[in-house]
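One structure is given here, and the rest of the page talks about it.
Number of protein chains: 2
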Amino acid sequence: MDTTQRTEQQRSADRRRRELLEAADRVVLRDGPQASMNAIAAEAGITKPILYRHFGDKGGLYAALAKRHTDALLDSLRAALDAPAERRERVEATLDTYLAAIEARPQVYRFLMHPSEGGQPGDPGFDVGKHSAPLLRRMGEELAQVIEERLDLGPGSQQLARVWGHGIVGMMHAAGDWWLGERPCSRAELVGSLADLLWGRLAAAGDKIGGPGF
Amino acid sequence: MDTTQRTEQQRSADRRRRELLEAADRVVLRDGPQASMNAIAAEAGITKPILYRHFGDKGGLYAALAKRHTDALLDSLRAALDAPAERRERVEATLDTYLAAIEARPQVYRFLMHPSEGGQPGDPGFDVGKHSAPLLRRMGEELAQVIEERLDLGPGSQQLARVWGHGIVGMMHAAGDWWLGERPCSRAELVGSLADLLWGRLAAAGDKIGGPGF
DNA sequence: GACTCGAGTTACCGCAAGTAACATGCTAAT
DNA sequence: ATTAGCATGTTACTTGCGGTAACTCGAGTC
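Chains as they are written, first to last, in the UniProt record's numbering: chain A, 1 to 214; chain B, 1 to 214.
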């Protein structure tokens with residue numbers, strides 16, 4: 001009942017929890033996100049109720065699983081974002097980091113963003129909304145903070161930074177999602193095109209001659 | 001057995017289908033996306049198997065339901081995008097149209113984008129991925145087409161337009177989603193901020209004095 | 001009048017989430 | 001040594017939903 005013992009038990013529980021998460025990871029990455037709790041428990045060599053003792057419900061397991069990957073991704077994004085370099089370089093490095101991550105582990109990415117996929121029609125899979133949003137939101141908020149911290153945006157800078165943070169993250173996400181599905185160009189080209197967009201090339205482009213309207 | 005009769009039956013079936021869709025719409029908008037097939041059938045005054053005869057499976061019903069709303073939204077977006085006005089005005093009008101739509105009917109929006117939400121933990125709800133993506137994808141492709149058709153982007157214009165189309169749509173979507181949840185500012189302000197972003201204000205902004213790095 | 005055919009129902013299957021109640025083994029205080 | 005307590009684990013169950021099979025009913029056709 002003394003401290004050391006409690007710590008000992010807690011350590012054991014934490015270790016177990018990590019083992020379970022790793023097993024869950026393997027299953028989810030193999031079977032897709034519709035993996036059942038039974039399957040995950042089996043992979044971990046135990047049975048369902050233990051999972052429920054550790055994670056409450058399926059959403060809890062999902063959240064824990066997602067947190068690991070989300071934290072890891074955010075760490076590498078922060079590194080790219082904080083690197084000492086010119087702004088455009090930093091932006092491109094950040095975009096590239098994100099895209100490289102989703103390219104390297106599309107299974108993880110699809111799990112985080114599109115939890116329900118693959119499998120027969122009617123498989124419920126994990127639920128999204130509560131979970132995919134957080135990654136986007138967290139990325140948006142982090143980016144907003146960096147923007148507000150580093151850029152001089154005049155009055156209303158905080159709000160502007162947040163809008164931009166979420167907007168840029170969404171841009172990155174949607175373009176990345178599309179790119180990952182169709183692979184219409186190299187990663188470097190995609191990064192360049194997106195950076196160009198952020199650098200105002202849309203506004204600077206000329207109208208097409210003979211096009212409709214003006 | 002002749003043509004007119006077949007047409008008559010088809011008409012009847014189509015009418016029924018529309019009725020079912022409207023009932024499904026009501027239920028989904030009331031109960032959230034975790035509405036069960038039983039509940040939808042009950043609202044329509046019939047029982048499950050009929051739904052399955054008409055829509056195959058739950059995904060089919062969802063797809064039909066989503067298509068209605070998606071088509072309607074795309075129509076209004078096209079109108080804003082094709083209006084005879086300056087580019088910035090058109091961009092702002094399109095953003096505003098989208099945001100107004102999701103603001104006016106958040107239930108519909110949440111259904112299309114975050115099918116699983118609300119309700120107790122563990123409700124499976126509809127699946128996403130197969131469904132929320134299509135809306136984003138279709139918007140992205142449409143925008144890409146307009147961009148490529150109207151802007152002079154030099155070599156590689158088609159690919160650039162597609163990247164931008166999906167990127168801009170993603171920006172709009174993520175910012176809109178965040179905004180809808182937190183309402184940190186008026187719609188007009190949000191529109192202005194996003195347009196500013198697209199107009200290159202991020203690149204043009206000065207570094208904050210005393211900030212880290214350069 | 002028997003026959004088809006589409007619309008509809010009841011009653012069921014399978015399966016996954018989540019829970020209760022029971023078993024077992026380790027630590028610790030008496 | 002014995003026994004209380006607690007974490008860890010199991011089996012076996014309930015509940016609820018997606019999906020389907022098999023039957024019923026009513027209207028029009030030869």
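All C-beta atoms, glycine included, are put in the ideal place defined by N, C-alpha and C.
Please read these numbers as outputs of a predicted model, since none were measured by experiment.
Item                                                                                                            : Value
Where G192 of chain B sits in the DSSP three-state scheme                                                       : helix
For G60 of chain A, three-class secondary structure by DSSP                                                     : helix
C-beta neighbour in chain B for G213 of chain A, strict 7 Å                                                     : For G213 of chain A, the pLDDT reaches just 46, beneath the cut-off of 50, and the residue's location in the model is therefore unreliable, leaving the point undetermined.
Interface residues of the stretch 188-205 of chain A facing chain B [CB-CB below 7 Å]                           : L190, S193, L194, L197, L198, W199, G200, L202, A203, A205
K48 of chain B burial status per 10 Å Cβ neighbour count (16 or more: buried)                                   : exposed
Within 7 Å, strictly: CB atoms of C185 of chain B and Q145 of chain A                                           : no
Range covered by the alpha helix (DSSP H) that runs through residue 284 of chain B                              : Residue 284 of chain B is absent from the model: chain B starts at 1 and stops at 214.
N-terminal and C-terminal residue of the alpha helix (DSSP H) that K48 of chain A is part of                    : 48-55
Per-residue DSSP class, three states only, for L197 of chain A                                                  : helix
Under the three-state DSSP convention, the category L153 of chain A falls into                                  : coil
C-alpha distance - R87 of chain B paired with L151 of chain B, whole-angstrom precision                         : 10 Å
Enclosing alpha helix (DSSP H) for I40 of chain A [first to last residue]                                       : 37-44
For P106 of chain B, the first and last residue of its enclosing alpha helix (DSSP H)                           : 106-113
Residue-chain proximity (G167 of chain A, chain B), Cβ-Cβ < 7 Å                                                 : yes
Positions along the stretch 54-86 of chain A whose CB lies within less than 7 Å of some CB in chain B           : D57, K58, G59, P84
Cutoff 6 Å; reference L202 of chain A; Cβ partners in own chain excluding five residues on either side          : none
Bridge partners - D207 of chain B, DSSP secondary structure assignment                                          : A:L151
Whole-angstrom C-beta distance between V27 of chain A and I40 of chain A, which should lie under 8 Å            : 5 Å
Beta carbon proximity, A39 of chain B to chain A, threshold 7 Å                                                 : no
Contact between the stretch 97-114 of chain A and the stretch 162-174 of chain B (3+ Cβ pairs under 8 Å)        : no
Through-space distance from L29 of chain A to M37 of chain A, alpha-carbon basis                                : 14 Å
Cβ of L151 of chain B within 7 Å of any chain A Cβ                                                              : yes
Nearest-angstrom Cα separation, counted from E89 of chain B out to G206 of chain A                              : 16 Å
Chain-ordered chain A contacts of K208 of chain B [CB-CB under 8 Å]                                             : E149, R150, L151, D152
As assigned by DSSP and simplified to three states, the class of A80 of chain B                                 : helix
Cβ of M139 of chain A within 7 Å of any chain B Cβ                                                              : no
Inter-residue spacing [alpha-carbon to alpha-carbon] between G165 of chain A and A175 of chain B                : 8 Å
Any 3 or more C-beta pairs closer than 8 Å across the stretch 58-67 of chain B and the stretch 75-83 of chain B : no
6 Å CB neighbourhood of L99 of chain B in its chain, flanking five on each side removed                         : G176, R187
Proximity below 7 Å, CB of H54 of chain B to CB of R17 of chain B                                               : yes
Environment of I209 of chain B [buried if 16+ CB atoms lie within 10 Å]                                         : exposed
Cβ of Q107 of chain B within 7 Å of any chain A Cβ                                                              : no
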